[in-house]
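Data block below; observations after.
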Amino acid sequence: MGSFRFLTAGESHGPGLTIVVEGMPAGVPISEEHIAVDLRRRQGGYGRGGRMLIEEDYAYITAGVTRGVTTGAPIALTIENKDYANWKDKVPPPITVPRPGHADLSGALKYQLDDMRLVLERSSARETTSRVAAAGIAKALLGELGVHVAGHVVAIGGVQAPVSTLPWAELFDRAEESEVRCEDTEASRRMIERIDEAKANRDTLGGVVEIVAWGLAPGVGSFVHWDRKLDGRLAGAVMSINAIKGVEIGDGFGAAARPGTQVQDAIRMREGRLIRATNRAGGTEGGVTNGEPIVVRAAMKPISTTLTPQPSVDVKTGLETVMEYQRSDICAVPAAAVVVEAMVAIVLADTYLEKFAGDNIAETRANMEHFLSSIGWTALV
Ligand SMILES: Cc1cc2nc3c(=O)[nH]c(=O)nc-3n(C[C@H](O)[C@H](O)[C@H](O)COP(=O)(O)O)c2cc1C
Numbered sequence: 087m088g089s090f091r092f093l094t095a096g097e098s099h100g101p102g103l104t105i106v107v108e109g110m111p112a113g114v115p116i117s118e119e120h121i122a123v124d125l126r127r128r129q130g131g132y133g134r135g136g137r138m139l140i141e142e143d144y145a146y147i148t149a150g151v152t153r154g155v156t157t158g159a160p161i162a163l164t165i166e167n168k169d170y171a172n173w174k175d176k177v178p179p180p181i182t183v184p185r186p187g188h189a190d191l192s193g194a195l196k197y198q199l200d201d202m203r204l205v206l207e208r209s210s211a212r213e214t215t216s217r218v219a220a221a222g223i224a225k226a227l228l229g230e231l232g233v234h235v236a237g238h239v240v241a242i243g244g245v246q247a248p249v250s251t252l253p254w255a256e257l258f259d260r261a262e263e264s265e266v267r268c269e270d271t272e273a274s275r276r277m278i279e280r281i282d283e284a285k286a287n288r289d290t291l292g293g294v295v296e297i298v299a300w301g302l303a304p305g306v307g308s309f310v311h312w313d314r315k316l317d318g319r320l321a322g323a324v325m326s327i328n329a330i331k332g333v334e335i336g337d338g339f340g341a342a343a344r345p346g347t348q349v350q351d352a353i354r355m356r357e358g359r360l361i362r363a364t365n366r367a368g369g370t371e372g373g374v375t376n377g378e379p380i381v382v383r384a385a386m387k388p389i390s391t392t393l394t395p396q397p398s399v400d401v402k403t404g405l406e407t408v409m410e411y412q413r414s415d416i417c418a419v420p421a422a423a424v425v426v427e428a429m430v431a432i433v434l435a436d437t438y439l440e441k442f443a444g445d446n447i448a449e450t451r452a453n454m455e456h457f458l459s460s461i462g463w464t465a466l467v
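Residue numbers for the sequence shown follow my numbering, so the first one is 87 and each next one is one higher.
Set out below in structure tokens:
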């Protein structure tokens, strides 16, 4: 909506990526090292291709942060593309055979371009690096307000992790120890096996990631207009990520198969406090937070570029052929968990600032605390 906004620029094999974040209150400590942690998380994961061995993503803050603290001015970040050194003196041949499952054909038609390289340079998931950097700023804001956001992998190529009963913080710590960002050791092992099989078969895999935000205030978001609804904004932001083809909140698609009495979260009173017996709704009702953790799941399709050639047409000659293989990941689901986590954090930062506003974080925090005390809310954490 525009309380926390960001824009990104940059090509996959250009000199670098540029990010501008606008709307942050003054007084929030920000460190490049902190942002680098998530950038490294996005680069890793079993099944990645060669590009991630070349890059060492690090976002330099060039505006809006002085002596490690936000000033209220727009924040600018830049990330170098180390791969640029390998490309800058080359004039690669134009790409005229579009890869199915990419923006190549639709983008070339739209912009009337003869060389599809110009499309793939910007449509590449390299852009998601910028989103993770912007989310580093959003997470710093949310951290000041007691909100945590984390993501993990729950399925890869049909291998499903069992539902965990661990507390969120412990679950996410364990997931970070896994090469596939999955908390369950046995499921991780099977997912890795499945990725190896896909590679041997010259194929690729997708999967499902789950993001949880906890420590939330109720009343964030709105039900009064379609574009102010938090669930809609989360779904839109998550669906905008490359290769994400499905989004659900709470029980989502599973709820569609159950009777109404089995999908609600009973409202109860415990020691003078309103509580919910379950969290099937995934933290939002009517597009507004209800104080329970937000739970968002996203389905990632398998990587489009496969070592097995796929049918396409050389649009220059009009002849049927097969797509050209571009260096690629076999599975990027563990990385996608970090990108989905980033978009959830950005939407929450935006809606939090909309609700609690403030030009300085002390003002934002005071507004939040005043609201919570006026509704008699005690934090759930
Ligand atoms: C973290 C991440 C890494 C990706 N890596 C690749 C890749 O190496 N090769 C590829 O073909 N697609 C990759 N993709 C997916 C494509 O960027 C995406 O499918 C393509 O841009 C078309 O967009 P769409 O699938 O959303 O329609 C990746 C996506 C993400 C989120």
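Beta carbons: idealized from backbone N, C-alpha and C, even for Gly.
Please confirm whether residue i and residue j have their CB atoms less than 8 angstroms apart.
i    : j    : result
I161 : A323 : no
A219 : L163 : yes
N446 : G113 : yes
G368 : I327 : no
Y132 : P420 : yes
G307 : T437 : yes
A241 : V298 : no
A284 : I330 : no
V424 : G237 : yes
E141 : K176 : no
S398 : P186 : yes
A95  : L125 : no
D518 : G244 : For residue 518 there is no data in the structure shown, the boundaries of the chain being 87 and 467.
L434 : L257 : no
P184 : R203 : no
S209 : G193 : yes
H99  : E207 : yes
For the alpha helix (DSSP H) that contains residue i, what are its first and last residues?
i    : result
A286 : T271 to A286
M325 : L316 to M325
I161 : Counting along the chain, I161 falls outside any alpha helix (DSSP H), though it belongs to the beta strand (DSSP E) covering I161 to E166.
F92  : F92 -> not in any alpha helix (DSSP H); beta strand (DSSP E) instead, spanning R91 to A95.
How about residue i: is its Cβ closer than 7 angstroms to a heavy atom in ligand 1?
i    : result
S308 : no
H456 : no
G96  : no
T214 : yes
H99  : no
K52  : Given that the chain is displayed from residue 87 to residue 467, the structure contains no residue 52 and the question cannot be resolved.
I327 : yes
K285 : no
H188 : yes
A422 : yes
For residue i, report the span of its beta strand (DSSP E) as first-last.
i    : result
H188 : From DSSP, H188 is part of no beta strand (DSSP E); its letter is neither H nor E.
I330 : I330 to I335
S147 : In the sequence as presented, Ser is not what sits at residue 147; that position holds Ile. Residues A145 to A149.
L360 : R359 to R362
A299 : G293 to W300
K239 : The question names Lys, yet the displayed sequence has Val at residue 239. H234 to I242 is the span of the beta strand (DSSP E), which, as asked, contains V239.
**Report entry** Inside the stretch 374-444 only - alpha helix (DSSP H) runs reaching at least 4 residues
**Finding:** 419-442
Requested in this report: Go through the stretch 97-125 residue by residue and report every complete run of the beta strand (DSSP E) that reaches 3 residues or more, in order.
Outcome: 102-108
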